[in-house]
Structures are given as C-alpha cells and as structure tokens.
Amino acid sequence: MEKKSYDMIPRKTQRIETKHRRIVTDIPVPESAPIVERLRKYEPRSMSGQPLVIWDRAENYNVYDKFGNKWIDFSSGVLVTNAGHCNPDVQKAALDMISHGLMHNYCFPSEIRSLFVEALVENTPDYLEKCFLLTTGGESTECAIKLMRTWGVNHSEGKTRRKIITFENDFHGRTMGAQMAGGSPGGKAWIVNHDPDMHTVPFPNRFLYDWADENRADYSDEKCFAEWKKYLDAVAKPDQIAGFMPETFQGGWVQLMPKGFVKLLRKFCDDNGILLCFDEVQAGAGRSGKFFAYQHYDVKADLVCCGKGISSSLPLSCVLGRAEIMDQYGPNEMTSTHTGNPVSCACALANLKYILSHDLVARAAKLESICRDRLTEMQKKYPQIGFVSGVGLAWALVFTKPGTKETDNDFAHDVVRNSVERGLLFFAPVGSGATVKVTPPLTIDEDALIEGLDVLDEAIAEAVKGN
Ligand SMILES: Cc1ncc(COP(=O)(O)O)c(C=O)c1O
C-alpha cells in the first residue's frame, strides 16, 4: 500500500508564539510552493520524503523558515547537530578557515587535519590509534568492510577468512557495499548479485523479547548468545569470518544490544581472530550519553565508524582503529578526494572541543530520564504507541494499531505532520515507516525539551481524533 506523503496542501494552523516556537502561517506555507515545485521538478522522487518545512536558517535547537515560523528541532537534521545547529564555535571555525584562504587540499598535509585527527584519537580510547577521514557515513562503513576483509584475507591460510557479518535491520548507508551490509532485504534487493561472503544474522534482542510483547522471555546472556550462534553457524565457520559490524544501537528503534551478549561476542572474536567494528555513525559523538555508544558494553572495538555528529555540521566521517589494521594499505592506496577537507576539519575540531568542554556527553545522559519518563507516560496513555525505547538523547516511538503488533505508518505520519504544524520538527518516520524519533541537539535547553514533549503529546492526541 502506498505510504502517506508530505504534500504541498496547506492546512490551517493555530497560531503559536512561545519562547521556543512560532507558527504564523498555514503549514506547509502556501508561499513556499514554488520552492517545493522546483525541487520536485529537478530532484528524484527519493528526495521528497520529508515534511515540507523550508529550512532558511537554524540555530542551536531551533529551525527557522523565511516566512516567520520557528520550530523546536527534534531531528538534529538526522542526528548530525549534536553540538547544536550553527554552533557559534563551529561556525567561527568554518568562517576563519574560509577567510584564511584554504577550502581544499586533497591528501596533501594540512595543519588543521593534523590537529583534528590528533584531538580525536587522543580523546578516544587508547587502543584506537589512527583515524582515516572520509566524507559520509556510508563511506566509513564501506571502508571498515574493506579493512576487515583485507585483514582477514591476509591473516588466513589460503585467504579463506573473508566473511563480513552484519545484523538484521541494521543500517550502514546507501552505497552498494554499505547497503549489502545493511539488514533490510528490501533495501538491497536492487544489488541482485550479492557478495556470497557477506551475511546478516539476527539482531540478538530478537531472542530476548518480541518487541510488541509486554513480557520478555527469560533468556540469560549465554542462552541469547547460544540461540544467536545457531544462525551464525548456518552461514559461517569462525575461521571464515573476517569481521562483525553491528550498528551500536539499532537506529530504527534505538535498541542497544544486551551488554552480556556483546561481551560474549567480543570473546568469540578474540578467541577466533575476528575483528569487531562498531558502526557509530548515528550513535556516536555523545548522543547516547557515552562518547561512543559501544562504551555502554564495556568492550574494546577494533574499528569504529563515525559520521554525523562528529562535525555537527559539514560532511565529515571517519574510521578509527588499531594502527596495525589502519596501516594495511600503502601510500595513496586508501584515500579520497575530499579526505579531511580543511573547512570540515576545522568544524569537527571546534565541535569536538565544544562537546568535551561543555560535557555534552553527560548532558545527554542527564536528559535521558526526561525523555524516558515522559515517553513511557505517553505510552500508557495512548494504545497507539506500541513501543518506546532509547538511550541518552536518542528515543524511538513505534506506532501500532491498538491491540495488535501491526505497525501503523499512517498514524506515525500524522503525528509528525501534527507536530510540525505546532512548531515541533521531526524527520519523517523511519524503520518500517512507523517509528518517530526524538533526537534533539544535545545542547537543547531543558524547558525546550519538555515543551517539545508536550507538543508531541498534543500531536498524538490530535492523531487519535483522526485529524
Ligand atoms: C548507523 C549508520 N551508519 C551509516 C549511515 C550512513 O551515513 P550517510 O548517510 O552519511 O552515508 C547512517 C545514516 O543514517 C547510519 O545511521
């Protein structure tokens, strides 16, 4: 069935003026129609999925259009602006670098790149010794796959250790390798000729409980691992596996894996010479209440993929890892045209300093309880909320048809639309299309977070009425 979309059909709004929000037009704004039409004409349909808020400028946790409206942003522009939109330090760093006169330098050495990789490596666990900069999250996961497989092939007799194991429903990006590693069969159907040495196995939480059920099955970590291992054994022997790459928390419903399971996975990797790479593109840079979300598991990583919040702004991603893994390729064999763009590096360095000096990691951990309490309270009130889950400042509400486990995309769509009409911005529902994510900048004021959650409550109530 065709999903509801965000159409250019203005709806009447109640005018709103608070400290944090302002809505003074119908939404979408009738005058914005030419902009939307131009985009629809010149861009592929795939670009038309978001609510029709025409971003003009954004500051900290607010997004503004040029028609006088102002939203509290619960999207962080898809979990990018951890240090806030246009963070003044990040903005200044970009402007300084541009006016200094360096906007590109390929892989030639630059001081700013040296300063950023040093700062990142020195402020992350000591076994992450080197950092390779790229542009998008998908490039970082592709690169991690390459590094793990190269390592496996070169560390096995007969080059037989080549399997890459990822997890059902994980997301790693939309380029070919990243999508092949991804855990949604629909997303990778187009690839047709799948790499026979890339496999997805169930996400372990599946063995702990059926997410729409109230009652968790009574599974110990060992039992969970043993059940999961049956699926792994069906596709790979330990000495064929080069590496595992889980999404540290599964973004589609913000689920961390059970800590005990990950510890057993780490031990399995250590016992069998397998690498473990965490995809932290979404979960990292403080979002979960730890700098890297895998630190919730108390294990070491061999490789870590970062993106999004690592700069809070311009496109930058990276792979971090042990030197012996990162150094497998010779000079000019693992590079990219935009590796460590100087303006992006300047932004990322300012962003990192800001996150650390303002302790945004602790702030995400502190604000977690506000989200947890309020969202679980809403779940009790609305039978349409089938599931609530989250950590730090990443929360997911999965909407279902009351009394069933069937996800309700239309309802989720309406909740987002109703919120946007009230000055609260979400990106379009994700996962199966029924998950609304609460992911504000980590810099959000407490009262703005609470106001946003109040608005979400109103938006759900309105959707229940069928509006
Ligand atoms: C966990 C994860 N990995 C990789 C990616 C891909 O990042 P990008 O869209 O920058 O390629 C994303 C993007 O949402 C992500 O959430």
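When the letters of the sequence shown are read in order and numbered with the numbering used here, they come out as residues 824 to 1290.
We put the beta carbon where it would ideally sit given N, CA and C, even for glycine.
Everything numeric in this text was worked out from a predicted model, so none of it was measured.
- In the structure shown, the three-state DSSP call for K827 is coil.
- Excluding five sequence positions before and after D1231, the CB atoms of its chain that fall closer than 7 Å to its own CB belong to Q1207, F1222, T1223, K1224, A1257, given in chain order.
- K827 has its alpha-carbon roughly 27 Å from the corresponding atom of E1274.
- For D1102, the closest of G1075, S1135, V1142, V1077 by C-alpha to C-alpha distance is V1142.
- Restricting attention to F1234, G1163, A1219, the CA atom closest to the CA of C930 is found in G1163.
- Within 6 Å of the C-beta of E1147 there is not a single heavy atom belonging to ligand 1.
- Counting the other Cβ atoms within 10 Å of the Cβ of R863 gives fewer than 16, which makes it exposed.
- Here the distance from the Cβ of D1102 to the nearest heavy atom of ligand 1 is below 6 Å.
- Where R1195 is concerned, the enclosing alpha helix (DSSP H) starts and stops at 1183-1204.
- As the crow flies, the alpha-carbon of M1080 is around 8 Å from that of F1026.
- Beyond the five residues adjoining it in sequence on each side, G872 comes within less than 6 Å, by CB distance, of A1251 in the same chain, given in chain order.
- When the five nearest sequence neighbours on each side are left out, the beta carbons in the same chain lying within less than 6 Å of the beta carbon of F1114 are those of V1184, in order along the chain.
- Here the stretch 974-993 does not lie against the stretch 949-962, with fewer than 3 beta-carbon pairs under 8 Å apart.
- Taking the C-beta atoms as reference points, S855 is found nearer than 7 Å to I877.
- Apart from the 5 residues on each side of it in sequence, G981 has no Cβ closer than 6 Å to any other Cβ in its chain.
- Here the stretch 1118-1130 lies against the stretch 1140-1158, with 3 or more beta-carbon pairs under 8 Å apart.
- At the C-beta level, T998 and G960 stay beyond 7 Å of one another.
- For C1129, the enclosing beta strand (DSSP E) has its first and last residue at 1126-1129.
- Look at T989 here: in three-state DSSP terms it is strand.
- For N1174, the enclosing alpha helix (DSSP H) begins and ends at 1165-1180.
- Sequence-distant Cβ neighbours of Y1205 in its own chain, meaning closer than 6 Å and more than five residues away, are I1283.
- With a 10 Å radius around the Cβ and a threshold of 16 neighbouring Cβ atoms, M926 comes out exposed.
- Within its own chain, the residues whose Cβ lies closer than 8 Å to the Cβ of C1194, once the five positions on either side in sequence are excluded, are G1213, L1216, W1218, V1261, L1272, L1276, listed in chain order.
- Distance check between F1072 and each of D1056, A1106, H908, G1096 places A1106 closest, using alpha-carbon atoms only.
- Contact annotation: V1211 and A917 have beta-carbon atoms that are not nearer than 7 Å.
- The beta carbon of Q1151 sits closer than 6 Å to the beta carbons of T973 from its chain, once the five residues preceding and following it are set aside; these are given in chain order.
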